[in-house]
Every structure is written in structure tokens, then in C-alpha cells.
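K.L.:
This is the structure, below, for whatever I ask next.
Residue numbers (the working numbering): 6 to 586.
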């Protein structure tokens, strides 16, 4: 690390050592590190090596043996343990700085692609005390917050602070948030954490033809899918056995076995407190012509969508418990908002809105809560759930802009951003954001559905239809709008029988709160089928729930996120049937 890269280079050696030790002690005493001896030992090792100038020379073997206490015969090429642990440490540091600022103006950064701790000065920027942002959390249109030149580093960080202040100010003024330091704001500890899942590594099974390479690869893919979902914390199973470490909430166990000469991977999610299996699947591992596992993405999509994500087994159990109608700030609040977005139950908006603003009042740097606020703003803008006409495109834009500034590598936030871009008519940025979200997390059925819609309506028809089909395959209980791209594709191409089949599938999962959506599409289908009277009656049902549909029927399709060519086709059919003027 050069002097220009390290703002501490001008410190005296004793002062530099003192500040590093103060920061290290503060991190070690935080709740997440205090209960994890492995994380404390690993962090202290790489801090010591980095302070001595050897950080860039740390290898996986050194990390495993000297940092994690593995025996000298440890095979770093075959065992991913050190890489998994460094990933946990990087996430733990991000979470620590999400809630805490450096005690002496010095921040530890463990950047992707290496094992070196970078010591980054923050006290010279007047806004740094309010910001704890990962270097990858660049603003929407992309500049690097942490320049290689010290002067640029300070200037850009300060510009970032001003930008955040400008984004946050209207929300304070509008009464969204309680300002930092105001009376009544509770500690960050009141924000509920996501559940912890302990992952059992996939074990080799030589008798079944499974070597260590395949086992490690499967473990790595499963770990990546869990972390990419952003809805759980993950740690290896053996950490749960250490003294002083709290039990995980869930355990993901696995077993490789052979049946009828086919290799199967069995996964089961266990509720540790209840001592019972709450989700399980056993899937054959299909190999392609090159010998690679061809269906791993389908296996992981089922795991994430059915067990981890909102609407899955874990989140359903949590929301059916004590947090069902009284979500706490943080994790259960975000679940509540995402469930509202998909179920659209009118009487839940107020609860969702209050819990998000309460979360942000406690921690204004909670990126995912800003994303949730953006979702609520658009929902209220389109359907006036608050009864005050309070939602708005600009307010949603400011909320998601703040969210992505704080966490640029969140698939959840990028998927929301893609929808906001789309609704604002910026198709290029909508498509780019959707592709970024898909690269970060290709396994969430709800996210795949959202991305499929955005890509389909931004003129990427084939990919949009592909993602929509993947979403339907992964989700055993899809909402009606999972079928939206497929339905409008059938409408655009006058495939009447297919549109009718899709409408029947949607009707089978339509809930009372989404009846208006069903009536909109039924009116279009009846018009396609030449059933003019049925189309007019269905549209009257739409008007009863959305009075604006009588005078501005085109706006109804805007609210559904249907782009102009497809909305124009639907409007033409409805006019021919006499349903709209």
C-alpha cells in the first residue's frame, strides 16, 4: 500500500498503532464478533499482517493455518473453508459499519479479491460521521467513492456526503424521518436481524463417485445462493459447536445418495429451536455432456424461493408468529412490505408504511428500508392505499436512489431500481439495473418475476419470458402477476387459446385483494374472444375499484407497469368491444 493509498501514512507509528488497536477492540466487542471466536481470531490475524505490510501476501493456506488454526497438511486447493470464512468476515464488517462509525476516524475495509485489511481515514470529511458505506456502494451512474489518490478520496467522499444530505433533507422535511440525535430515536439494537442459517458442508462420498472437488463446488454454490438472497445470515455448521456461540435459528443439512444409478442431493431446513424439519427436497444431479451439473440453478432456485425468500417456509413461519401484524423494525418489517407488495391487501399499507419509517428513524443508513419505502411510494401513487394521495414518482426515486447509494451490490435494491427506472421511462437504465440484479441473485422467484416484467416491457422479450418462466417454475404458490408477461405476449400475438389458459391459471391463485387485477385482464381476454358484453361488465368492475378507469383507462395499464405497445394493443381490443371510449 503506497502513502497516497493510505491516509494513515502521515501518522506517527505509535499513533497509527493506537488507532488501529482501538478500532480492532471496538469491533471485537460488538455483538456479532463477541459471539464468534473464529471471526475475532481471523480479523486480528489479518489486521496484524496488514499493519506489518504483509497483507497483500496472505494466501488461502496461510489464512487457514495461521489465521484459522487448521493443521499444516491443510489442502487450500480442495477445501473452501478459508474462502467461506473470509466471505463471512467481509459481510460481518459491512454489517458492523452499517450500524457503527469508526471510534477514532479509522475504518477497516476488507475488499473483494484479497485478504488485506485497508485502513481508511474518515475523520477528514465533515459528513463521514453520518456515513458508513461500502466502497462498492457507488452512486447510480457510477463513480468510485474511494479513489487511489488521497485528495480525490476526500473530495469524492465529501461530495457523496453532500449528495446524501440533499437526498435525505426532503424526507426529513416531509416528516418521513426523525433527525439523527433527536429525542425518542432508539438504538440500532432495536432493529431486528435476519435469522442465522448454519450450513452443513456437502461431504464427499467416494462410494457414490463424489470427490472432494464436487462436494466443495456444491457447498460453494449453496453458500453463494443463501448469501445472495440477502434474507438470512449464513455460517458453517461447525461454528455452532464452538463455546460461547449462540445456536443458529436454522440448519441447512444435506445428503448425497444414489438411487437407480442416479446421484441425488437431498436438502433439508431444520428449525433448531423446534427441533423439526420445515422444508426438504431431494433432486437428482443431472450432468451435461461435459460432466458438469446442469440443473444446479433449478435446485438453488427451489431452495431460495421455497425456503428462504419472502413467501418461503422460513419467512411464512416468522410472519405467522408474533410479528404477523406487528412487524418490528428491520427484518420482519421488510418481510411485511414485500408481502404487501405482492398481496396488495389494502388494510396492510398503513402498518407497512409505519414500520418502514420507524426503521429509518432508528437507522437512516438502512439501505433495504429505503428500498422498501420506494416500493410503498409507488404502490400508494398507483392505488392511493393511504387515502391521502401521498405517494409519488419523485419520492420513490429519491428513496431508491438513497438505497443504491448505500448498497450498490444488493440484488433486492437493484431489482426495485429497475422497476423505478422503467416507470420513469428510462428503459436503458431499467434494463441495465435488471441485468445487474439478475447477475447478483438469479434464484429468487419474486425477483425473477419483477425482472422478467421489466425486461419484457423494455423490449427484451425473450429474456423477459425466460425469467418469468423460471419464476413460475421455482414458486409453488405464484401470485397472479407472475403470469403477466406471458399473458400480454399472447395478447400481442393474438394467441387467444393461450391467453385463456393463462387467465384460468391466474384465476386459480387470485385472492380477494387482487380481484381488480383479474377484472382488468379478463376484460382484455373477453375482448379478444369477441365477448363484448362480458368485456364491458368486467371493465365496469374495474371502474368500481379504480374510478379513474372511466375517464383515463390508459392509466390503468400504466399502474400495472405495462409498456406502451402492449397497453395500446389492450386498449384497441377494449375499444372494439365498447368497454372504453
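Yeah, the Cβ is synthetic: ideal placement off N, Cα and C, and Gly gets one too.
On the three-state DSSP scale, how would you describe residue 236?
P.N.:
Reduced to three states, the DSSP call for residue 236 is coil.
K.L.:
Within 10 Å of its beta-carbon, does residue 305 have 16 or more other beta-carbons around it, so buried, or fewer, so exposed?
P.N.:
With 16 or more Cβ atoms within 10 Å of its Cβ, residue 305 is classed as buried.
K.L.:
Residue 387: buried (16+ other C-beta within 10 angstroms of its C-beta) or exposed?
P.N.:
The residue in question, residue 387, is buried, as its Cβ has 16 or more Cβ neighbours within 10 Å.
K.L.:
What ranges does the alpha helix (DSSP H) occupy inside the stretch 509-571, keeping only unbroken runs of at least 4 residues that lie completely in it?
P.N.:
Fully enclosed alpha helix (DSSP H) runs of 4 or longer: 520-533, 537-550, 553-556, 559-564.
K.L.:
Using CA coordinates, which residue listed in 335, 353, 398 is at the minimum distance from residue 367?
P.N.:
Here the closest residue by C-alpha is 335.
K.L.:
How would you label residue 50, buried or exposed, when you count the other beta carbons within 10 angstroms and need 16 or more for buried?
P.N.:
By the neighbour-count rule (16 or more Cβ atoms within 10 Å), residue 50 is buried.
K.L.:
Taking the alpha-carbon positions, what's the residue 353 to residue 332 distance?
P.N.:
Distance between the alpha carbons of residue 353 and residue 332 is about 11 Å.
K.L.:
Can you pull the DSSP bridge partners for residue 260?
P.N.:
Paired residue(s): 271.
K.L.:
Determine the direct distance from the alpha carbon of residue 60 to that of residue 116, and round the result to whole angstroms.
P.N.:
So the two alpha carbons sit approximately 12 Å from each other.
K.L.:
Using a C-beta cutoff of 8 Å, does residue 59 count as contacting chain C?
P.N.:
Among the chains of the structure shown, chain C does not appear; only one protein chain is present.
K.L.:
Give the list of continuous alpha helix (DSSP H) stretches no shorter than 4 residues that lie fully inside the stretch 463-508.
P.N.:
Correct list: 466-479, 489-497.
K.L.:
Residue 199: buried (16+ other C-beta within 10 angstroms of its C-beta) or exposed?
P.N.:
Buried is the call here.
K.L.:
Under 8 Å, with one C-beta from each stretch per pair, do the stretch 231-240 and the stretch 287-300 reach the 3-pair mark?
P.N.:
These segments do not touch.
K.L.:
Figure out for me which residue from 521, 266, 228, 346 has the closest Cα to the Cα of residue 212.
P.N.:
Nearest option by C-alpha distance: 266.
K.L.:
Am I right that residue 436 and residue 460 are in contact with their C-beta atoms under 8 Å? What's the rounded C-beta distance?
P.N.:
At roughly 6 Å, the Cβ-Cβ gap stays under 8 Å, so residue 436 and residue 460 are in contact.
K.L.:
What are the start and end residues of the alpha helix (DSSP H) that includes residue 422?
P.N.:
Start and end: 416-428.
K.L.:
Taking residue 77 as part of the beta strand (DSSP E), name the residues at either end of that continuous run.
P.N.:
That residue, residue 77, is in no beta strand (DSSP E); it is neither H nor E in DSSP.
K.L.:
Out of 216, 308, 217, 300, state which residue places its alpha-carbon closest to the alpha-carbon of residue 258.
P.N.:
The shortest Cα separation from residue 258 among 216, 308, 217, 300 belongs to 308.
K.L.:
Is it buried or exposed, residue 377, if we count other Cβ atoms within 10 angstroms and call 16 or more buried?
P.N.:
Buried is the call here.
K.L.:
Would you grab the beta carbon distance between residue 447 and residue 302 for me? Rounded to a whole angstrom, and I think it's under 8 Å.
P.N.:
Yes, they are in contact, since the Cβ atoms of residue 447 and residue 302 sit about 7 Å apart, within 8 Å.
K.L.:
Where does residue 2 sit, in a helix, a strand or coil, going by DSSP?
P.N.:
No answer is possible for residue 2: the residues shown for the chain start at 6 and end at 586.
K.L.:
Got a sec, what are the start and stop residues for the beta strand (DSSP E) residue 286 sits in?
P.N.:
281-289 is the extent of the beta strand (DSSP E) around residue 286.
K.L.:
If the criterion is Cβ atoms closer than 8 Å, does the pair residue 487 and residue 454 meet it?
P.N.:
Yes, Cβ-Cβ distance for residue 487 and residue 454 is below 8 Å.
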